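A short worksheet on the structure shown next.
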Amino acid sequence: MNAALAAASAGGRVLLVDRSLIGRGGATVMAQMTVAAALGEEEPDHWQNHLADTLKAGRGLCDAALSQLLCEEGPECIREMDTRGVGWARKNGHISQVHAPGHDRRRCVYVDFLNTGPAVSKTLRAELQRVPEIRRTGDLLVTELAVHDGICIGAHAVHTATGEAVAIAAKATIVTTGGLTRLYARNSASANMGGDGYALALRAGAELVDMEFVQFFPIGHLAPRLVGMDPIMWDPFRYKLGGRLLNAEKKEFLGEEGRYTAARDHATYAILNEVAAGRGSPHGGAWLSFQHCSEAQLRAAFGPVIDRLAKNGIDLTTQAVEVAPIAHYHMGGITVDADMRTRVPHLFAAGEAVGGANGANRLSGNAITEALVFGRRAGRRAAALAAKAPMPSIAPVTARAGRRPSMNPAAEIVQLQALMNEHAGPLRNRTGLERALGEITRLRSFDLPVPAKGLDPVWLDLHDLRNMAHVGECVIRAALERTESRGAHQREDFPETSEAWQRHQVLRLGEDKVEIAR
Amino acid sequence: MLAKLKIRRGDGYERFEVPFEAGQTVLDGLRWIRVHRDPTLAIRFSCINANACKECMIQVEGKTVYACTTRLVEGEMTLEPLPNKTLIKDLVTEIAPPDERY
Chain A
11 MNAALAAASA
21 GGRVLLVDRS
31 LIGRGGATVM
41 AQMTVAAALG
51 EEEPDHWQNH
61 LADTLKAGRG
71 LCDAALSQLL
81 CEEGPECIRE
91 MDTRGVGWAR
101 KNGHISQVHA
111 PGHDRRRCVY
121 VDFLNTGPAV
131 SKTLRAELQR
141 VPEIRRTGDL
151 LVTELAVHDG
161 ICIGAHAVHT
171 ATGEAVAIAA
181 KATIVTTGGL
191 TRLYARNSAS
201 ANMGGDGYAL
211 ALRAGAELVD
221 MEFVQFFPIG
231 HLAPRLVGMD
241 PIMWDPFRYK
251 LGGRLLNAEK
261 KEFLGEEGRY
271 TAARDHATYA
281 ILNEVAAGRG
291 SPHGGAWLSF
301 QHCSEAQLRA
311 AFGPVIDRLA
321 KNGIDLTTQA
331 VEVAPIAHYH
341 MGGITVDADM
351 RTRVPHLFAA
361 GEAVGGANGA
371 NRLSGNAITE
381 ALVFGRRAGR
391 RAAALAAKAP
401 MPSIAPVTAR
411 AGRRPSMNPA
421 AEIVQLQALM
431 NEHAGPLRNR
441 TGLERALGEI
451 TRLRSFDLPV
461 PAKGLDPVWL
471 DLHDLRNMAH
481 VGECVIRAAL
491 ERTESRGAHQ
501 REDFPETSEA
511 WQRHQVLRLG
521 EDKVEIAR
Chain B
62 MLAKLKIRRG
72 DGYERFEVPF
82 EAGQTVLDGL
92 RWIRVHRDPT
102 LAIRFSCINA
112 NACKECMIQV
122 EGKTVYACTT
132 RLVEGEMTLE
142 PLPNKTLIKD
152 LVTEIAPPDE
162 RY
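These protein sequence lines map, in sequence, to chains A and B.
FYI, our numbering numbers position 224 of the first sequence as 234, with every residue one higher than the one before it.
FYI, our numbering numbers position 85 of the second sequence as 146, with every residue one higher than the one before it.
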């Protein structure tokens, strides 16, 4: 959405396409926590401090140019959102900034209560509606990018409600489809986070980078059953109230002493180690306790959220909840330069769909900053390019009447998610990865048929299964190849970090097979 | 526990029995049906259980609710698409703002 706004401001005419409703899906709307930017509202700060923390968290693998762009332009984008009325929480007349793990100072802004992502999405949606140069179209699923003579000339899509094929001609195209966390059984993803943009870019000839680095958020809600809230919600609880992460013996095992300091990758492995050692909570995670907080303290910090918890039968003053790692974000993605250009001319990418800015482990708070900053940069550059380019002509593809595979793709997707979680999740080894590779190659061994007339849910699942399997294969192949442990990629059979592996892996589509370029 | 979901599909209703544990939701039940019984069942949802996307609005027992925050109960529950919106299929209706449609 920020890319569309920036492109329109730069003089572009924009078509914003979403496979469901505009600004309702994706990751931003789900974010309940914080946004990092060196505003210096709470204490003096400089974007270089933010950059230093980002690079440190990235375990030596950040693309420095992208990280710098994120940190340097972050404050401007955050202030722009403030002007647009997003409602960053304030205290004593200034924007409130809190200390999130991995930051050297109080740098993270938020919207109360647990409303950061919804407020950002809503604000951007409202902005879009004021700009006549932006046409918005939902229920339009892009199935392939259109490439002619090596140049991206738009996209082929299906109108999901009718099954009609739609060809979209564009002078410049920006992929902003987010990450791939839907590939995992335990995820905090929207239904559209199955890696569509990666699959599209790969098939269009672009490169993917760092695909093995999937961030698991350590303390995703596990039990008791909680609805109406994002499973990631315990993060803001922890930065406001501390909280104690405990094993089955009700002992802290991260050395945090009631503070919230451990980096995400470290906390994830510590929890999994406790579980493996037989010290996990009943459902296979850890206990998170706020029992040291009074009702009044909880109410002051989270107001109506406490009532939502009560509706789920949860009273934090008397009980601990169970938490466990959950797929949360993907550091890898489409390879771009600092102008968000992919290697396919006229094809850009922005947001989580981009790989490299966060290296092997993302610093908390960098995701929305990245979405805003990269979106703005991509929108401006795409508009500048479009101003000089002729409008390409694009012909609708004649549909191949492929045979419909006789499976329940909804069930196959569940199987794929279990497979990825078990073998390509936070802990990996060669045997498991090889098994997963065999399975996933089988899962994508069909041609996508044409959709039936009208809404065709089975076809949609087939489409998603194919993309998810394609992207899953990228994760698995890159994870197999990287024979070391670093950040979000932990190999049980190669537990050490290797200096020789302080480099990226780039993936391309070869002859019907994903190849790792060196 | 067992919920009996009576789901409006086109002109008629279809019934599905859905096993569930306390705390599970109507959306959990609908997703279970698609995986275990009938993948042709059309539902619209995005964020699954966070109540962030507001896409899963349907009618349960004649009341407009979010499927993702309505709990399953033992016995029969009647599920219908929103009555005041254009029907696309099964429980899916046209809920996008008019200027965001294809």
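Glycine is no exception: its CB is placed at the ideal position from the N, C-alpha and C atoms.
These figures come from a predicted structure and were not determined experimentally.
Assignment of beta-bridge partners to N197/A by DSSP yields A337/A. Residue-level contact by beta carbon holds for E116/B and chain A, with a gap shorter than 8 Å. The Cβ neighbour count for A310/A, taken over all protein chains shown within 10 Å, is under 16; the residue is labelled exposed.
When V121/B, T125/B and E141/B are compared, the shortest CA-CA separation from L133/B is found for V121/B. In this structure, the CA atom of N322/A is about 45 Å from the CA atom of V516/A. Here the alpha carbon of A16/A sits roughly 45 Å from the alpha carbon of G294/A. Here the alpha carbons of G361/A and D347/A stand approximately 13 Å from one another. From the beta-carbon of E161/B, the residues of chain A found nearer than 7 Å are I32, R146, T147 and G148.
In its chain, beyond the 5 residues on either side, L63 and K65 have a beta carbon closer than 7 Å to the beta carbon of E78/B.
By the Cβ neighbour-count rule, H104/A is exposed, with fewer than 16 other Cβ atoms within 10 Å of its own.
Spatial neighbours of R100/A in its own chain (CB-CB distance under 7 Å, excluding positions within 5 residues in sequence) are listed in chain order as S106. In this structure the region 325-343 of chain A touches the region 227-237 of chain A; the number of beta carbon pairs closer than 8 Å is three or more.
For L458/A, the nearest beta carbon of chain B is not closer than 8 Å to its own beta carbon. In the DSSP assignment, P159/B forms no beta bridge with any residue.
At least one CB of chain A lies nearer than 8 Å to the CB of L102/B. Inter-residue distance for E259/A and W297/A is about 10 Å (C-alpha atoms, whole angstroms).
Along the region 232-266 of chain A, going in chain order, the ones with a CB nearer than 7 Å to a CB of chain B are P234, R235, V237, G238, M239 and D240. With a 10 Å radius around the Cβ and a threshold of 16 neighbouring Cβ atoms, Q427/A comes out buried. Between the region 141-156 of chain A and the region 26-35 of chain A, the count of Cβ pairs shorter than 8 Å is three or higher; the stretches touch. For E525/A, the pairing in a beta bridge is given by DSSP as R518/A. Taking a beta-carbon distance threshold of 8 Å, V79/B does not count as an interface residue toward chain A. E521/A is classed as exposed because its beta carbon has fewer than 16 other beta carbons within 10 Å across all chains shown.
Residues of chain B whose Cβ lies closer than 9 Å to the Cβ of L124/A do not exist, since the nearest Cβ in that chain is about 10 Å away. D317/A has a beta carbon lying at 8 Å or more from every beta carbon in chain B. Those residues of the region 460-487 of chain A placed with their C-beta closer than 7 Å to a C-beta in chain B are G464, L465, P467, V468 and D471, ordered along the chain. Within the region 117-144 of chain B, those residues whose Cβ lies closer than 7 Å to any Cβ of chain A are, in chain order, C129 and T130. Counting only runs of 4 or more residues that sit fully inside the region 208-242 of chain A, no alpha helix (DSSP H) segment turns up.
Between M43/A and chain B, the shortest Cβ-Cβ separation is not below 8 Å. Every alpha helix (DSSP H) stretch that sits fully inside the region 50-76 of chain A and reaches 4 residues is listed by chain position as 57-67. In this structure the region 103-112 of chain B touches the region 79-89 of chain B; the number of beta carbon pairs closer than 8 Å is three or more. Taking the Cα of Q78/A as reference, the smallest distance to any Cα among L65/A, G238/A and G70/A is reached at L65/A. Taking 8 Å as the CB threshold, A157/B lines the interface with chain A. Within chain B, the C-beta atoms nearer than 7 Å to that of A420/A come from R95, V96 and P100, in chain order.
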